[in-house]
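What follows is one structure encoded as structure tokens, with my remarks underneath.
Chains as they are written, first to last, in the working numbering: chain A, 8 to 689; chain B, 12 to 602.
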């Protein structure tokens, strides 16, 4: 898959990103930045304290210098590692932003004056409401709508898709984006955004994380982490009086080590990286989320509204069968159907021509000498067809054709009526073909359900998400397709306002609704939905109403978006659980080490049989720092998401990250202890 | 450990299991104002109460109004009790002519009974007149229990209601709690106690001639030891039975006598002992079912009950194991084995009538619930046996817990569990359809912080200050346990003590009173705020993707959260107190 600005998905270990991240992790030590992350700020303050103590001890030649130095160094590493995690997460976005910035480079715009003459101005001078003329080979200077003309446009700078797209005035394909290039023809564009607020600008800010705001759940989690930090701060601060009472006061290195090991540094250090990586994963799939809040909400979605066409079914319905009346040859029917459809430019019409060609080898013929008269489709007759050489061929909806032939004293044969009913009940659309007032047979148009949809909907159901198909079809047809595709429910004969009402109804029940849309009439519903994904091919109104834009304009993407949202939340929860569960082992490493000197009996709590009190404390601190580095890939990649029920998911994750979180540090600290004792570090 | 001992413990749990649903349904009906069999007798009384007090039965309060009403009510009640104590000399029902209670103790006791703690740093039979006991203390035993219960009910309403500010009427809920839940049971229970031999009278204390005069050594104020022959014993009397039921049923724990439930007039028979245990757990256990019923998920109620039952069994097993092992240092001098003649184990500070199993059970039950009644002295338990009550209270007394307080304490842990683990199902955390958001987390953390701060802060201060260590009667780690226990018990509103500590000093009376008030009312405010916040929210319908709050998985999660949050906070303190004491005892050193 292509990615924005052709910035291919960078592997986690890309050298340039890593180098930049290392630099950033140092500059992020600024306390003014650190204070936004209370957990790591406490670690930084602790590191500063031990550094001061180390200097004092050195000047007075007291204490164990090697131990103090190592503790202090690893405490600083803990802070740096956390900063590095965040910098790494931001790194990929920054790389993409650089590429996007090139596309934003200053261009010359031909602004039209009110009298129609053009003046050349730099694109940065354009304001909303200006009209510009863009010719083949020129860059479109800003976001806007085509008000005149049609052109093919290369949008690869934004979407990564190299095939050009058609942009034309009116309708749903009028939106153009600044930084894309016109390949052919000439268009007039009405600019709709001011400099600095264009889609490209917003995209750069988003991928860079500059406009990143903490999401509601992230804020709540931060409060929890800050609360836990205060609790452990209390536990450690009050431990000193107890220790003094017991006749075993502790030094600052040990107390800070205990504190840093207890407070949730693992999740505290990785939390913002997880959030940024979540946005990044959206971008990798060519989805631009306008806010982190939207990514988070997508994990919470209860109802997916899916448009039938293009999402559940392949594009438009196609002709799949010719069913002749009794005593009519199948080829004659196909022939007549093809003739009647030759001038029919609708996808359905074209599919009839194609089917006749493929199945019966009928090719388009040269009609010029036959003086054909094509009868276009009209809302009154609801038929189309052709008159040539005295043949009057008509095709249309069954009731329209029935009326047409009834006027000529004919009737639709019983068998054919049955046939029509069967097709309708099966979710297809029957068209009758008549020649000179006589019914020849039926064309069956059917929706082709995309492969694998049934399975995906089953997955969604297991995740507790209800899928709802939106279609303009009649209820009978809709029900048949819904059954075939495996969606939970459908809304038939839907108008845009019905969609809106449906969303409001579901939301009133407390549900979160996601939908996709592209047309201007989708805009209100997109804005109302909790997750509204606008197609990049859609109108400017739609793109502004939604809180995500899919650059691939693939409606099925909604399912992936939900999965990314869930993955983000699971990763957060898993690492929080892991972080808290880690504390058990750290207590068993540090508490006996603190007091075994005064009370050797307490050594029974040294379950890991760590070599010395110093090695025990150092090992716990080192483990605590290294685990942040070790979990960066997981934080950036996200915990693997499986579409199963909540109970199964919880059981699995509790087992891995809860129980695993209790056990892992016992093993890790023991190994580190063995290593540093072997190396005689402590 | 004996089969008989285990049978007592398991049979007790079975009885608690059996009363849970009927009592839970009854309470749900009472507070939902549904019909109950007591309505014909009590509705007229209730209506009369509202007419006299001008309470509008239909008025519903938002959480701030409800909390304010509760605080005002508690404040006025506390002041009244203080006045009664200070004026008892001139008030009736004082046959012993007891003097007025001195200010520090009067304040401490007023705080203690208002907060449902019933910490007693005095000897009741020589300090409090019958009037003070009945009008002052017993009144609080009822209303502080009722306040706890109605707050728990408000929490269940907060979860169950949607998009509303209204959480009920404090005056109506409290009145109904007193009339329907507490008073009828106390009436029946007192008669049961009287049938077992608990006294109920207004007589002056009886002086009895000893058949066998005792010679005792007395240490005078000057430090000189003299011997004295005692020929007479004063036997305290009083209206005990009527106060005994509410002492347990309202998880108050303040004994009529200093010896509390080890006194034969408070707890004369094995049956009365068992009945007291059941009374302590009945309402807290029933409330879990009420929670399930009100929120429409009885299975959730049972999952919470399951978590509580598990923690209870673990605690009682540990206490029973530790107590029946006895003291290794007595091995050569004393027969500590269980036999037909004795229950074995460590019997110091225990009633031989009850033995190790029943004493361990009582100690666990009274500290799981924030009762504080005792039938043995926790101070004299083995270090690990004594650590069990300590840990029970440190865990926030959420294992069944105090009446109401246990459920709303557990509610904080539920909110935290759901928030931490809830994300792991791929949705933002939600509890029974209510989203747990930053405001709720903030309030839940605040509640945990207040408890931690009160316990650790006060005891850390006391262990290094002379006025704190002055109260200690045993040095070393046991002294640390004593101080820790005093504040744990106060902040947790338990009221039991490591009785070795001398707590009737200005410092302890005041600091424990402050700890009790913080532990009660500063816990309640954030919890009520969560209830209010949840009630305002929409309810997300349950689906296969919702966080499961039923079944063994949720119970396990809840147990883990309670253990991790509780244990992690207090592990350092515990390791220097009871754990160290135990290890030193095993090494041959005791305190």
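We put the CB at the ideal spot given by N, CA and C, even for glycine.
When C-alpha distances from residue 446(A) are compared across 478(A), 400(A), 565(A), the shortest belongs to 400(A). Bridge pairing for residue 556(A): 295(A), 541(A) [DSSP]. Taking 4 residues as the minimum length, the alpha helix (DSSP H) runs contained wholly in the stretch 39-67 of chain A are 45-67, in order along the chain. Residue environment for residue 416(A): exposed (fewer than 16 other C-beta atoms within 10 angstroms of its C-beta). Taken through DSSP and simplified to helix, strand or coil, residue 240(B) comes out as strand.
For residue 583(A), the chain B residues whose C-beta falls within less than 8 Å of its own C-beta are 431, 434, listed in chain order. With a contact defined as Cβ atoms closer than 8 Å, residue 589(A) and residue 672(A) qualify at about 5 Å. The Cβ neighbour count for residue 63(A), taken over all protein chains shown within 10 Å, is under 16; the residue is labelled exposed.
For residue 576(A), the nearest beta carbon of chain B is closer than 8 Å to its own beta carbon. Under the DSSP assignment, residue 396(B) falls in the alpha helix (DSSP H) whose first and last residues are 394-405. As computed with DSSP, residue 186(B) is found in no beta bridge at all. Within the same chain, Cβ atoms closer than 8 Å to the Cβ of residue 73(B) are found at 176, 177, 178, 543, the five residues on either side in sequence being excluded. For residue 246(A), no beta strand (DSSP E) segment is defined; the enclosing uninterrupted segment is the alpha helix (DSSP H) at 223-252. Taking CB atoms only, residue 305(A) has no neighbour in chain B less than 8 Å away. With fewer than 16 other Cβ atoms inside 10 Å of its own Cβ, residue 246(B) counts as exposed.
Leaving aside the five residues that flank residue 114(A) on each side, the residues in its chain whose CB is nearer than 7 Å to its CB run, in chain order, 130, 146, 148. Excluding five sequence positions before and after residue 259(B), the CB atoms of its chain that fall closer than 7 Å to its own CB belong to 287, 290, 291, 382, 384, given in chain order. With respect to the 8 Å criterion, residue 454(B) and residue 541(B) are classified as neighbours on the basis of their beta carbons. Listed in chain order, the positions of the stretch 437-456 of chain B with a beta carbon within less than 9 Å of a beta carbon of chain A are 437, 438, 439, 440, 441, 444, 446, 447, 448, 449, 450, 451, 452, 453, 455, 456. DSSP, read as helix, strand or coil, puts residue 453(B) in helix.
Contact annotation for residue 608(A) against chain B: 591, 594, 595, 597, 598 [CB-CB distance below 8 Å, chain order]. Contact between residue 196(A) and residue 142(A) is absent: CB atoms are separated by about 11 Å, not below the 8 Å threshold. Interface annotation, residue 575(B): in contact with chain A, CB-CB separation under 8 Å. By the Cβ test, the stretch 70-88 of chain B is not in contact with the stretch 204-213 of chain B, since fewer than three Cβ pairs between them sit closer than 8 Å.
For the stretch 626-659 of chain A, residues whose beta-carbon sits nearer than 7 Å to a beta-carbon of chain B comprise 648, 652, 653, 654, 656, 657, 658.
Judged by DSSP in its simplified three-state form, residue 314(A) adopts strand. For residue 254(B), the enclosing alpha helix (DSSP H) stretches over residues 252-260. Contacts with chain A (Cβ-Cβ distance below 9 Å) from the stretch 480-509 of chain B involve 480, 487, 488, 490, 491, 494, 495, listed in chain order. Counting only runs of 4 or more residues that sit fully inside the stretch 160-212 of chain B, the alpha helix (DSSP H) segments are 181-187, 194-207, in chain order. Going by beta carbons, residue 107(A) and residue 211(A) fall inside the 8 Å limit.
Taken through DSSP and simplified to helix, strand or coil, residue 175(A) comes out as strand.
Fully enclosed alpha helix (DSSP H) runs of no fewer than 4 residues occupy 460-469, 482-492, 503-515 of the stretch 447-531 of chain A, in order along the chain. The three-state secondary structure of residue 220(A), taken from DSSP, is coil. Cα atoms of residue 314(A) and residue 140(A): separation of roughly 35 Å, rounded to the nearest angstrom. Of the residues assessed, residue 493(B) falls on the buried side of the cut-off, its CB having 16 or more other CB atoms within 10 angstroms. Residue 393(A): not part of any alpha helix (DSSP H); member of the beta strand (DSSP E) spanning 390-395, first to last residue.
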